[in-house]
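This report refers to the structure that appears directly beneath it.
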Amino acid sequence: MIHVFRVMLLAVVFTALTHAQVADERNTLRLAQVYEQAGKHDEALRYYRDLFATKPDNSAYFEGVRRCLLALKQYTEAVALLGERIRRFPADEQLLVHRGGVYVLMEKVDSARADWKKAIALNPKNGQTYGLIADHCLNARLYPLAVEYLREGREELRAPQMFTFEIARACAMNMDFDGAMDEYLEYLRAVPQSLYQIQQQIAMFSEVIDGIESALRRTQAAVKRHSDDVSLQYLLSWLYQERKQYGEAFAVVREVDRLKNAGGMEVLRFAGRAFDDGAFRVAADAYRWIIEKYEKAQFLPQAEYHYARCMEALQEQQGVPAELNAQGSTSSGSEAMPAYRGVISLYEDIVRKHTSHPMASESQYRIGYITYHWFGDTDGALRALQGIAGNRAAVFGKADADILIGDIHVARGDLEAAITQYDAVLLSPQLDEKGRNGVRFRIAEVHFFQGRFDTALSELQPLTEDVGTDIANDALELSAMIHQYRSPGEVPLQRYAQALFLERQRKLSEADALLQQIIGEYASSEVVDLCYLSRAAVLERMGRHAAASAVYAEFLAQRGESFLRDRGLFLHAVLTEEQLNDAAGAMVLYQRLLDEYPNSPYVPQARDSIVRLRKGNS
64 MIHVFRVMLL AVVFTALTHA QVADERNTLR LAQVYEQAGK HDEALRYYRD LFATKPDNSA
124 YFEGVRRCLL ALKQYTEAVA LLGERIRRFP ADEQLLVHRG GVYVLMEKVD SARADWKKAI
184 ALNPKNGQTY GLIADHCLNA RLYPLAVEYL REGREELRAP QMFTFEIARA CAMNMDFDGA
244 MDEYLEYLRA VPQSLYQIQQ QIAMFSEVID GIESALRRTQ AAVKRHSDDV SLQYLLSWLY
304 QERKQYGEAF AVVREVDRLK NAGGMEVLRF AGRAFDDGAF RVAADAYRWI IEKYEKAQFL
364 PQAEYHYARC MEALQEQQGV PAELNAQGST SSGSEAMPAY RGVISLYEDI VRKHTSHPMA
424 SESQYRIGYI TYHWFGDTDG ALRALQGIAG NRAAVFGKAD ADILIGDIHV ARGDLEAAIT
484 QYDAVLLSPQ LDEKGRNGVR FRIAEVHFFQ GRFDTALSEL QPLTEDVGTD IANDALELSA
544 MIHQYRSPGE VPLQRYAQAL FLERQRKLSE ADALLQQIIG EYASSEVVDL CYLSRAAVLE
604 RMGRHAAASA VYAEFLAQRG ESFLRDRGLF LHAVLTEEQL NDAAGAMVLY QRLLDEYPNS
664 PYVPQARDSI VRLRKGNS
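What follows is the structure in structure tokens.
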């Protein structure tokens, strides 16, 4: 009985000791891992060595020692460690690979190759071995050597597509973009569904000029050899588009559309991207091609509408008329009017041909937009916009049309009607939250124009909470203006709001006259600072650039204490550079901004402008 008890006691003691040892081992391992992760490899190595000494067969402890030795660049000891391990486990080819990796770091490439030869001989069909060797080569920046072993592995395993991305990456790191592209192109031919993946890989080096040029050149050559390969054609089109060569891309996309028998859909998608990227001429050509080739296609209304949008956008690039009043008279830009009438005719054709199609309502909206913005014809614009309400298919454009009707009421001076219209638009299910905030800001502006500053502020408050958006920024700016300039009296700010209202109505001459009047009558008010900058902007809109420059100069001379001086300097510099074509004068103004207001938010732009102008003069 006593003997049995002793045996049981010993068993309990042994178990307790074993658990304690295991706990100690786990704690030591955790310490080693923590130190290693923290980059304290000397401390980590000490703990890993203690663990490895107690359990030399444990691979995790061995690897910990190896990693730390390499991190500490103790290569000689690492070689010795691996040598001892190899003697114990001669059939483990990874040990030979790792020792070769250490030899490479010691610049003993011949010794490394000898180890790698032995490792491959142990198991020539193990693809992991070739990949691991390549990793060691890449780590040592021996890119051609990495490619050599990867290709050897691919040949040994008789797998033509194996290691494609690894080889291509090694080639690209060695600035051998041709080699990288050859790998990608061969893989794409074999695996067409890899197009997106390959595009992502090419994008990684296409920012380098030699990289994108090589990608384009090799793809062009591949397409010539394999003109019926749709994936190659796709890739070529994409490369042209990445380089903004939309004309060349268009020719390729047409071929893609033919090869796929896509019935114009590929060209339609391309045209959309070209338009979004501002390539309006090419986009127009693409839509025209679709219209002429697929006149009975289901998507013809979309193509016709977007063709008209392209023609409209091309006109917009020519510039907005300088002054356009509510009666439709214009002081400049009259040469654009016939072209815009031609655009309106395109939209009218769509409305007539596709009455029940959603593109009809979109076209009516564009007619209203052009009629108002370019011709100042509020009656004609309202007729076009109100016609959308009678279109049962007016799913698209209805909310935009209703908003524009409100804007037209503002232009006409009927501010109460504008608010009523905007309030009604807020109930539209077509509007998302961004659209609703845009309408709410318009309502706040109307109250501001009327001098109802408290009401305007209450409308603006919720808009300022959506930090980072354009609407929030506009709301914050208007709120700050009201808070800062309505005191000590509201009259100057009310007069200034009236001037902005006249500008909104496109009554630019009247706005200019009122701004001059405020400057003369309220010289002691800070509102005058705003008036100077707004007057210069109005004169710019009128095309009177020299007069605008004189106003900026007067502001800088007369309002020395204004906290808007940095903005005035910057705007004057931009005007001088872009409208007066006076590079030297612009640089003087940009430099003044840097010298006088080093903390201004306009400083980065000013610096960039100076650099650009200096390059232009060199």
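So for the sequence shown, this note's numbering puts the first residue at 64; every next one is plus one. Note that beta-carbon positions come from the ideal geometry of N, C-alpha and C, so glycine has one too.
Legend entry - 4-residue-minimum alpha helix (DSSP H) runs that sit fully inside the stretch 490 to 557, ordered along the chain: 496 to 512, 516 to 523, 533 to 548
Inset, instruction - Name the two residues that bound the continuous alpha helix (DSSP H) containing K118. - result: Walking along the sequence shown from the start, residue 118 turns up at place 55. Per DSSP, K118 belongs to no alpha helix (DSSP H) and is neither H nor E.
Inset, instruction - Determine the DSSP secondary structure at V70, reduced to helix, strand or coil. - result: Residue 70 sits at position 7 when you count from the first residue of the sequence shown. Summary for V70: the model assigns pLDDT 39, below 50, so the residue's position carries little reliability, and this model does not support an answer.
Legend entry - Beta-carbon proximity list for R455, same chain, < 8 Å, skipping 5 on both sides: Here residue 455 is taken as the residue at index 392 of the sequence shown, counted from 1. With a pLDDT of only 47 at R455, under 50, the local geometry of the prediction cannot be trusted, and the value read off the model is given with reservation. These residues qualify, in order along the chain: S419.
Legend entry - Residue interval of the alpha helix (DSSP H) (run including T483): The residue you call residue 483 lines up with position 420 of the sequence shown. It spans 478 to 488 - the alpha helix (DSSP H) in which T483 sits, taken as one unbroken run.
Inset, instruction - Kindly indicate which residue of Q580, G216, L298 has the alpha-carbon position closest to the one of M244. - result: What you label residue 244 is simply residue 181 of the sequence shown in a count that begins at 1. For M244, the nearest C-alpha among the options comes from L298.
Legend entry - For L213 and F226, believed in contact at Cβ under 8 Å, the rounded distance: On the sequence shown, residue 226 is found 163 positions in, with the first residue counted as 1. On the sequence shown, residue 213 is found 150 positions in, with the first residue counted as 1. About 4 Å; that satisfies the 8 Å criterion.
Legend entry - Buried or exposed (CB count within 10 angstroms, at least 16 for buried), A253: As a working note, residue 253 is residue 190 in the sequence shown. Exposed, by the Cβ-count rule.
Legend entry - Rounded C-alpha distance that separates C234 from D105: As a working note, residue 234 is residue 171 in the sequence shown. As a working note, residue 105 is residue 42 in the sequence shown. C-alpha separation (whole angstroms): 36 Å.
Inset, instruction - With DSSP collapsed to three states, give me the class of R446. - result: Here residue 446 corresponds to residue number 383 of the sequence shown, with the count starting at 1. Helix.
Legend entry - Test item: CB-CB of S597 and A574 under 9 Å: For this step, residue 597 is matched to residue 534 along the sequence shown. For this step, residue 574 is matched to residue 511 along the sequence shown. Yes. Within cutoff.
Inset, instruction - Starting from Y653, follow the alpha helix (DSSP H) in both directions and report where the run begins and ends. - result: Mapped onto the sequence shown, residue 653 falls at position 590. The continuous alpha helix (DSSP H) containing Y653 extends over residues 646 to 659.
Legend entry - With 16 other Cβ atoms within 10 Å as the buried cut-off, status of I272: Working through the sequence shown from its first residue, we reach residue 272 at position 209. By the neighbour-count rule (16 or more Cβ atoms within 10 Å), I272 is not buried but exposed.
Legend entry - Reduced DSSP category for K323 - H, G, I as helix; E, B as strand; rest coil: Residue 323 sits at position 260 when you count from the first residue of the sequence shown. In this structure, K323 counts as helix in the three-state DSSP scheme.
Inset, instruction - In the DSSP assignment, find the unbroken alpha helix (DSSP H) run with T418 in it and report its ends. - result: Indexing the sequence shown from 1 puts residue 418 at position 355. That residue, T418, is in no alpha helix (DSSP H); it is neither H nor E in DSSP.
Inset, instruction - Could you give the DSSP three-state label for W179: helix, strand or coil? - result: Indexing the sequence shown from 1 puts residue 179 at position 116. DSSP places W179 in helix when its eight states are reduced to three.
Inset, instruction - Note down the Cα distance separating D495 from T483, rounded to an integer number of angstroms. - result: Translated into positions along the sequence shown, residue 495 becomes position 432. Translated into positions along the sequence shown, residue 483 becomes position 420. In a straight line, the C-alpha of D495 is about 20 Å away from that of T483.
Inset, instruction - Take Q264 as the anchor and find which of E540, F228, E640 has the nearest alpha-carbon. - result: The residue given as residue 264 occupies position 201 in the sequence shown. With distances taken between Cα atoms, Q264 lies closest to F228.
Inset, instruction - Give the straight-line distance between the Cα atoms of F564 and L526, rounded to the nearest whole angstrom. - result: As a working mapping, residue 564 is identified with position 501 in the sequence shown. As a working mapping, residue 526 is identified with position 463 in the sequence shown. Within the model, the alpha-carbon separation for F564 versus L526 is close to 21 Å.
Inset, instruction - Under 6 Å Cβ to Cβ from S672, same chain only, skipping five residues before and after it: list those, please. - result: Taking the first residue of the sequence shown as position 1, residue 672 is located at position 609. Hits under 6 Å: Y653.
Legend entry - Spatial distance of V160 from N202 (CA atoms): Within the sequence shown, residue 160 is the residue found at index 97, counting from 1. Within the sequence shown, residue 202 is the residue found at index 139, counting from 1. Each residue's alpha carbon lies about 13 Å from the other.
Legend entry - Assigned secondary structure, F125 (DSSP; H/G/I helix, E/B strand, else coil): The count along the sequence shown starts at 1 and reaches residue 125 at position 62. Residue state, collapsed to three classes: helix.
Inset, instruction - Round the Cβ separation of L205 and V165 to the nearest angstrom and send it over; I've been treating them as touching at under 8 Å. - result: Within the sequence shown, the letter at position 142 stands for residue 205. Within the sequence shown, the letter at position 102 stands for residue 165. Going by Cβ atoms, the distance from L205 to V165 rounds to 14 Å, so no, they are not a contact pair.
Legend entry - Alpha-carbon spacing of W437 relative to G648, whole angstroms: Numbered from its first residue, the sequence shown carries residue 437 at position 374. Numbered from its first residue, the sequence shown carries residue 648 at position 585. The alpha-carbon atoms of W437 and G648 are separated by roughly 34 Å.
Inset, instruction - Measure the C-alpha to C-alpha separation of S663 and Y111 and round it to an integer number of angstroms. - result: The residue given as residue 663 occupies position 600 in the sequence shown. The residue given as residue 111 occupies position 48 in the sequence shown. If you take the alpha carbons of S663 and Y111, they lie about 55 Å apart.
Inset, instruction - Whole angstroms is fine: what's the gap from A586's alpha carbon to V554's? - result: Residue 586 sits at position 523 when you count from the first residue of the sequence shown. Residue 554 sits at position 491 when you count from the first residue of the sequence shown. Taking the straight line joining both Cα atoms gives about 13 Å.
Legend entry - Secondary structure of H289, DSSP reduced to three states: Counted from its first residue, the sequence shown places residue 289 at position 226. Correct three-state label for H289: coil.
Inset, instruction - Counting only the same chain and skipping the five closest in sequence on each side, list residues whose C-beta sits under 6 Å from that of A334. - result: Sequence index remark: in the sequence shown, residue 334 carries index 271 (1-based). These residues qualify, in order along the chain: A346, A349, Y350.
Inset, instruction - Please say whether A562 and L541 have beta carbons closer to each other than 9 Å? - result: Here residue 541 corresponds to residue number 478 of the sequence shown, with the count starting at 1. Here residue 562 corresponds to residue number 499 of the sequence shown, with the count starting at 1. No, the Cβ-Cβ distance between L541 and A562 is not below 9 Å.
Inset, instruction - Determine the extent of the alpha helix (DSSP H) in which Y370 is found, giving its start and end residues. - result: The residue given as residue 370 occupies position 307 in the sequence shown. Note, Y370: alpha helix (DSSP H), 363 to 379.
Inset, instruction - Taking 9 Å as the cut-off, decide whether the C-beta atoms of I471 and F511 are in contact. - result: On the sequence shown, residue 471 is found 408 positions in, with the first residue counted as 1. On the sequence shown, residue 511 is found 448 positions in, with the first residue counted as 1. Against a cut-off of 9 Å, the Cβ pair of F511 and I471 comes out as no contact.
Legend entry - Reference R217, options L602, Y193, R404, closest by Cα: Mapped onto the sequence shown, residue 217 falls at position 154. Considering only alpha carbons, the answer is Y193.
Legend entry - Range of the contiguous alpha helix (DSSP H) that encloses G190: Here the question's residue 190 lines up with position 127 in the sequence shown. Start and end: 190 to 202.
Legend entry - Pick from R415, F626, D463, R475 that is closest to T441, judged by C-alpha positions: One-based indexing of the sequence shown puts residue 441 at position 378. Here the closest residue by C-alpha is R475.
Legend entry - With 16 other Cβ atoms within 10 Å as the buried cut-off, status of M267: Counting from 1 along the sequence shown, the entry for residue 267 is found at position 204. Under this definition M267 is an exposed residue.
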